[in-house]
Amino acid sequence: MAEREAVTPDSISTLIYVDMRGETGGYRTDLLKEQVSETMRKFIICSKCDGISKETKITESKTFCRNCTEGRGGEVDGRVDGLVRELKCRCPLSTRGCDWSGKLHNIEEHMNGCDKVKIKCQIGCGEVLQKCDTIDHQKECSFRIQECEYCKENVRANQANEHIRLCEHHPDGVVTCPYMEVGCDTIEIARKNLETHITQNVVGHQKLLLHELNQLRTENKQLRADNEQLRVTNERHEQSIQSHELSIQSNSLFLQSREQSIRSNNLYLQSHEQSIQSHEQFIQSHEQSIQSHEQSIQSLMSTARFYY
Ligand SMILES: [Zn+2]
Ligand SMILES: [Zn+2]
Ligand SMILES: [Zn+2]
Ligand SMILES: [Zn+2]
Ligand SMILES: [Zn+2]
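For the sequence shown, this note's numbering assigns the number 989 to the initial residue and increments by one for each residue that follows.
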């Protein structure tokens, strides 16, 4: 069974190293299986992180692990590391039941395979569980994929109920009574129960059908009447359109004749204007001849006065 209280997977480095603000120092001292002498402790414990030193450098007679000497000079002291490698230790997860013990230099290899380490479910449900529980968990993980035996579709376990409802082949899939259209109120029923519902409700379904039939008949009658009325209205409209067309035709004939008469009137007016012009010219020439006659009369009269 997965342990529910765990929310994050174990990081191997926090299990076996002293954590130095996100980096890692020496090995945790509580990994040691046997007591070591005080002299030995001074020799193998890092002065900065209090972890069991790894890749030790000794500066001013003090032991530092590699992570705590980053950036400093000094040579790695192989003697310390030789001692440290041979120290006997237990698995940091002995409290969870891992009974591994061995030499410190094997601990990383062990942690990579230790089945008490907590990891996140690989299928994807997000649960954190011990490696040793994964096989059992995979059988019950809410994200495991199962094949629907009726439609062969792959379905996630936590969506199986919803799938069954909608599955088109599952006997527990939800269907509606085909007589719902005519008023049967069995709107949702398991596919496997539909046949029984239909056989048990023959009379009820027939009543619904009959009622529907009568209603359709009435509607049909009404539709026919509406149709007839529409036909009559349509006919009337067509007649009125025809008479409008005739009146348009006669109007256009009348307009044509008006145009012709206007045109002939125009011609008549033009010829009158011409005759007026020629009359005016005739009058002018007469006036001129009158003037010249008057002049000749005057000259005759003055000649006569001269003689009398
Ligand atoms: Zn250190
Ligand atoms: Zn272990
Ligand atoms: Zn899972
Ligand atoms: Zn299915
Ligand atoms: Zn029904």
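Beta carbons are placed, not taken as given, at the ideal position from N, Cα and C, and that holds for glycine. Every value quoted in this text rests on a predicted model; they were computed, and no experiment measured them.
For lysine 1091, I'd like the list of residues in its chain whose CB is within less than 8 Å of its CB, leaving aside the five on either flank, ordered along the chain.
-> Arg1073, Glu1074, Leu1075, Lys1076 and Cys1077
DSSP state of alanine 994, grouped into three classes?
-> Below a pLDDT of 50, predicted positions are generally treated as unreliable, and alanine 994, at 48, falls in that range; the measurement from the model is reported next regardless. Note: alanine 994 maps to coil in three-state DSSP.
For cysteine 1037, which of helix, strand or coil comes out of DSSP?
-> coil
Hey, how far is the Cα of serine 1287 from the Cα of glutamine 1265?
-> 33 Å
Anticipated Cβ contact below 8 Å, isoleucine 1032 with serine 1041, distance rounded | 6 Å
Could you name the residues, in chain order, whose CB is less than 7 Å away from a heavy atom belonging to ligand 2?
-> Cys1079, Leu1081, Cys1086, Trp1088, His1098, Met1099, Cys1102 and Lys1104
Look at isoleucine 1133 and arginine 1144 and say whether their C-beta atoms are less than 8 Å apart.
-> yes
Alpha-carbon spacing of histidine 1193 relative to histidine 1157, whole angstroms | 25 Å
What are the boundary residues of the beta strand (DSSP E) that aspartate 1007 is part of?
-> 1005-1008
Could you tell me if the beta carbon of isoleucine 1033 falls within a distance shorter than 7 Å of some heavy atom in ligand 3?
-> no
Range of the contiguous beta strand (DSSP E) that encloses asparagine 1142 = 1142-1144
Phenylalanine 1052 burial status per 10 Å Cβ neighbour count (16 or more: buried) | buried
For ligand 4, is there a heavy atom less than 7 Å away from the beta-carbon of glutamate 1058?
-> no
What's the gap between the Cα of asparagine 1222 and the Cα of serine 1235?
-> 20 Å
Just curious, the beta strand (DSSP E) that valine 1116 is in, first and last residue?
-> 1116-1118
Confirm the yes/no value for this check: CB of asparagine 1189, any heavy atom of ligand 5, distance under 7 Å.
-> yes
Where does tyrosine 1138 fall in DSSP's three states?
-> coil
Would you list, in sequence order, the uninterrupted beta strand (DSSP E) runs of no fewer than 3 residues that lie entirely inside the region 1133-1220?
-> 1133-1135 and 1142-1144
Coil, strand or helix - leucine 1020 by DSSP = strand
Contact check, leucine 1081 vs lysine 1104, beta carbons under 8 Å = yes
Note down the Cα distance separating glutamate 1200 from tyrosine 1138, rounded to an integer number of angstroms.
-> 36 Å
Could you check how far apart the C-beta atoms of lysine 1045 and glutamate 1058 are, in whole angstroms? I think they sit under 8 Å.
-> Not a contact, Cβ separation roughly 10 Å.
C-alpha gap between leucine 1003 and phenylalanine 1131, whole angstroms = 29 Å
Which whole-angstrom value describes the C-beta separation of valine 1170 and leucine 1197, a residue pair presumed to lie in contact below a C-beta threshold of 8 Å?
-> 6 Å
Using a threshold of 7 Å, is the CB atom of glutamate 1135 nearer than that to any non-hydrogen atom of ligand 3?
-> no
So, is valine 1068 buried or exposed, given that buried needs 16 or more other C-beta atoms within 10 angstroms?
-> buried
State yes or no: is the C-beta of glycine 1114 within less than 8 Å of the C-beta of lysine 1108?
-> yes
Endpoints, the alpha helix (DSSP H) within which glutamate 1096 is located = 1095-1101
Leaving out five residues on either side along the sequence, give the residues of the same chain with a beta carbon under 8 Å from the beta carbon of glutamate 1135.
-> Glu1141, Asn1142 and Val1143
Please state whether DSSP places serine 1130 in a helix, a strand or coil.
-> coil
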